[in-house]
Amino acid sequence: MSKPYSLLFSALLLCCATLAQAQPLPTAAAIASPHAQATAAGQKVLSEGGNAFDAAIAISAALAVVEPYASGLGGGGYFLLRQAGTPVSYRFIDAREKAPMAARGDMYLRDGKEVPGLSTTGALASGIPGLPAALVELAAHYGALPLKDSLAPAIRLANKGFAVDRVYRAWATARLAAMRDDPETARLFLRNGEVPDIGEVLRQPELAQTLTLIAEKGHDGYYKGATAQALVKAVQAGGGIWTLKDLADYQVATRAPLRFALADQRELITTPPPSAGGVALAQSLAMLQQLPWQQAEPVQRVHYVVEVLRRAYRDRSQLGDPDFVNNPIKALLAPDYLKTLGAGIDPRQATPSAALPPAPASHEGEHTTHFTVLDNQGNAVAATLSVNLPFGSAFTAAGTGVVLNDEMDDFAADPHGSNAYGLAGSQANAVAPGKRPLSSMSPSFIESPTQFASFGTPGGSRIPSMVLLSMLQYLDGQPVPTWPAVPRYHHQYLPDVVEYEPGAFTAPQLAELKARGYSLKETGRAYGNQQVLLWHKDDGQVEAASDPRGVGVSEVMPRQ
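Counting with mature numbering (1 follows the signal peptide of the UniProt record, and there is no 0), you get residues -22 to -1, 1 to 538 for the letters of the sequence shown.
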């Protein structure tokens, strides 16, 4: 290379390096998680040189210890990743459970009718877990630390024990009968058949050993060898259909996130199928952009939000596992289609769901967990994890400490249809060997040149509506602590009812909503457990917040 060209090449390299260095960086790392011990585990890993992906492993594993009612090594979940760099890249790790290969479409029917409880309690209700594989995947391809370092806090926590809190007591009480029916679950998580008192310490040495095997052997530490053998033995003895091959063959799927352009140079980065939540969020935000929701008085804003949710939830029946069905994402997010949906909203009156083209009702277990983490290099994770119902199937595999999920209940248990609409279209989410069930879990980012925000919550079919309400707080310029605290209401097309938290509406507001044609139902208790964060790119400042309904802890850790 001649000297002039060499100098030019050097100048270009210097320019590129300067531009790369000029990329905005956070002045702090941040974590928002639903439990103090999980937040502490993530902090420790960050302090030891780990990045956001290592911290996500630590937080996930710690939650598996302290929230056995919400997630764990017997469940799965979704991880939405932001990888800092020039350019920034995004990944979606799908660690959703899979149906065992012996699964069949009618496995929860007897004499042609769905049997209540068969897909929610006991070993037959469990899909092949995905969370352990996701932790291995994060460490192998995204983390800066060895897997054993990121799992160390959870292993210590399982051996040392954690104190029962009010959230544990509430969910154990709700699932008490099913927990009593399984001797191993009762031994580990109850005391003499009753819910432990607040402050009582629960130790899980078997779970610590299972985590240790994963730390030492990676994927094979869970999906092969002693753990796999113990899992399959317990499941088959309990009437389930797992095999060693089901476990050995399990792999996460790395997918491209769903990306959708919003107004003001913002972009929604969210979950693709087998989550239905990302599509619902994109549709809802697109319809709201056609409506004057920000200028509307409170009841009018609720009206707009409910009507876009009604239409977005109606479309979820067309979605399923992308490895099995062709999802019409392009059609559902086409500008002309979204304009038509928005134009069909009456500004003053509720649209009866029966007036829209029919689609099946859906049901989904409502307890899950969520966390988010940002490191000081701009890497980020939003993760929603689940075992479905509280304590999953309430079935624990002896010798492993692993509470198994009941995610098979998220499939359409009756593919031929037994409800009023015949479940037309539910074939997309019918049970099939090796298939992942549809989910509402919606870890999401909104990013612009000046800001990065992260959202997510547990809550079953209510997840997209909760995330939407939080996003609207952000888009409306409200303070970060209000995002997870905003009063909640929900509509999911069928049943044609607006559910709302106690205190979400005043008496005059309820009266006006009824006058507009809405059926209203109070949930009787608060729901959801949002964890959010915001990075201001202009000055690098970071904020995080945990839902006041839970016992979560958010921490911002300034760069040292």
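Every residue, glycine too, gets a C-beta built ideally from N, C-alpha and C.
Because the structure is a prediction, the values reported are computed rather than measured.
- Task: Look at the alpha carbon of L109 and the alpha carbon of T188, and state the distance between them as a whole number of angstroms.
- Result: Approximately 13 Å, taken between the alpha carbons.
Legend entry - Same chain, Cβ closer than 6 Å to A431, neighbours up to 5 away in sequence not counted: Excluding sequence neighbours, A431 sits near I424, Y452, L512.
*Provide the residue(s) that pair with P536 in DSSP beta bridges, ordered along the chain.*
Looking at the DSSP output, P536 shares a beta bridge with A6.
*asked:* Taking its Cβ as the centre, do 16 or more other Cβ atoms sit within 10 Å of A485, making it buried, or is it exposed?
replied: A residue is called buried when at least 16 other Cβ atoms come within 10 angstroms of its Cβ; A485 does not meet this threshold and is exposed.
**Item:** Spatial neighbours of G199 in its chain, beta-carbon cut-off 6 Å, leaving aside the 5 residues before and after
**Value:** The answer, listed in chain order, is L191, I192.
So Q159 is in the alpha helix (DSSP H); what residue range does that whole segment cover? Here the sequence assigns Asp to residue 159, which means Gln is not the residue at that position. Start and end: 154 to 159.
Beta carbon of L246, beta carbon of L263: below 8 Å?
-> For the pair L246 and L263, the CB atoms are nearer than the 8 Å cut-off.
Cutting at 7 Å between CB atoms, please list the residues of its own chain near R288, excluding the five before and the five after it.
Hits under 7 Å: T329, S331, H469, Y471.
Exercise for the section: Return the CA-CA distance between L259 and G506, expressed in angstroms with no decimal places. Expected result: Near 17 Å, if we compare the C-alpha coordinates of G506 and L259.
**Asked** Whose C-beta lies closer than 6 Å to the C-beta of A141 among residues of the same chain, with five residues either side of it excluded?
**Response** G177, V179, listed in sequence order.
inquiry  = Going by DSSP in three states, E26 sits in which element: helix, strand or coil?
reply    = In the three-state reduction of the DSSP assignment, E26 falls in the coil class.
When the Cα atoms are used, what is the spatial distance from D516 to N354?
If I take the Cα positions, the gap works out to 14 Å.
Extent of the continuous beta strand (DSSP E) to which L382 belongs: Segment 380 to 382, the beta strand (DSSP E) holding L382.
Would you mind sorting E275 into buried or exposed? The rule is 16 or more other CB atoms within 10 Å of its CB.
With fewer than 16 Cβ atoms within 10 Å of its Cβ, E275 is classed as exposed.
I need the straight-line Cα distance from R69 to P300, nearest angstrom please. One alpha carbon belongs to R69, the other to P300, and they sit about 16 Å apart.
- Message: Could you tell me the alpha carbon to alpha carbon distance between R326 and Q268, rounded to whole angstroms?
- Response: Their Cα atoms are separated by approximately 16 Å.
query = Do the stretch 30 to 50 and the stretch 144 to 154 touch if we need at least three Cβ pairs shorter than 8 Å?
reply = Contact holds: three or more Cβ-Cβ distances are below 8 Å.
Checklist line | Buried versus exposed, by CB contacts within 10 Å (16 or more), S443 | finding: It is buried - the Cβ of S443 has at least 16 other Cβ atoms within 10 Å.
Note to self: Considering only DSSP beta bridges, list what F423 is partnered with.
What the structure shows: Paired residues: I247, S432.
Original post:
At what residues does the beta strand (DSSP E) containing H348 begin and finish?
Top reply: Taken as a continuous stretch (DSSP letters only), the beta strand (DSSP E) holding H348 covers 346 to 352.
Checklist entry - Within 10 angstroms of its Cβ, does A493 collect 16 or more other Cβ (buried), or is it exposed? => result Here A493 is exposed: its Cβ has fewer than 16 other Cβ atoms, across all protein chains shown, within 10 Å.
Taking R289 as part of the alpha helix (DSSP H), name the residues at either end of that continuous run.
Following the DSSP letters along the chain, one finds R289 inside the alpha helix (DSSP H) bounded by residues 276 to 292.
Exercise. May I ask you to report which of helix, strand or coil DSSP gives G54?
Key: In the three-state scheme derived from DSSP, where H, G and I count as helix and E and B as strand, G54 is classed as strand.
Check: How is P149 classed by DSSP in three states: helix, strand or coil?
Finding: It should be noted that the sequence gives Trp, not Pro, for residue 149. Residue state for W149 is assigned as helix, using DSSP reduced to three classes.
Where in the stretch 207 to 236 do unbroken runs of the beta strand (DSSP E), each at least 3 residues long, occur, reported from the N-terminal end onward?
The stretch 207 to 236 contains these whole beta strand (DSSP E) runs: 231 to 233.
Quiz prompt | Whole-number beta carbon distance between P78 and T221, since they are thought to touch under 8 Å | solution = P78 and T221 do touch by the CB rule: their CB atoms are close to 7 Å apart, below 8 Å.
With three or more beta-carbon pairs closer than 8 Å as the criterion, would you say the stretch 155 to 162 touches the stretch 117 to 126? With a cut-off of 8 Å on Cβ pairs, the stretch 155 to 162 is not in contact with the stretch 117 to 126, counting fewer than three such pairs.
Run through DSSP, which three-state label would I71 get?
Residue state, collapsed to three classes: strand.
Rounding to the nearest angstrom, what Cα-Cα distance links G449 and A19 in this structure?
Per the sequence presented here, residue 449 reads as Met, with Gly not at that position. Roughly 27 Å separates the two Cα atoms.
_With distance defined between alpha-carbon atoms, name the residue in S422, A523, Q519, E479 nearest to A504._
Here the closest residue by C-alpha is E479.
Would DSSP call Y86 helix, strand or coil?
In the three-state reduction of the DSSP assignment, Y86 falls in the coil class.
Problem - Spatial neighbours of S426 in its chain, beta-carbon cut-off 6 Å, leaving aside the 5 residues before and after - result: Q243, R244, listed in sequence order.
Q: Report the three-state DSSP secondary structure of T374 (helix, strand or coil).
A: Looking at T374 - three-state DSSP - the assignment turns out to be strand.
Q | S396 versus Q21 - alpha carbon distance | A | Any reading at S396 must be qualified, since the residue scores a pLDDT of 33, below 50, and its modelled position is unreliable; no value is offered.
Note to self: Here's the rule: buried if 16 or more other CB atoms are within 10 angstroms of the residue's CB, otherwise exposed. What is K223?
What the structure shows: So K223 counts as exposed.
Cβ shell of P252 (< 8 Å), same chain only, five flanking positions each side left out | If we look at P252 and ignore the five residues flanking it on each side, its Cβ neighbours are D72, R74, L297, G298, D299, P300, R414, P415, L416, S417.
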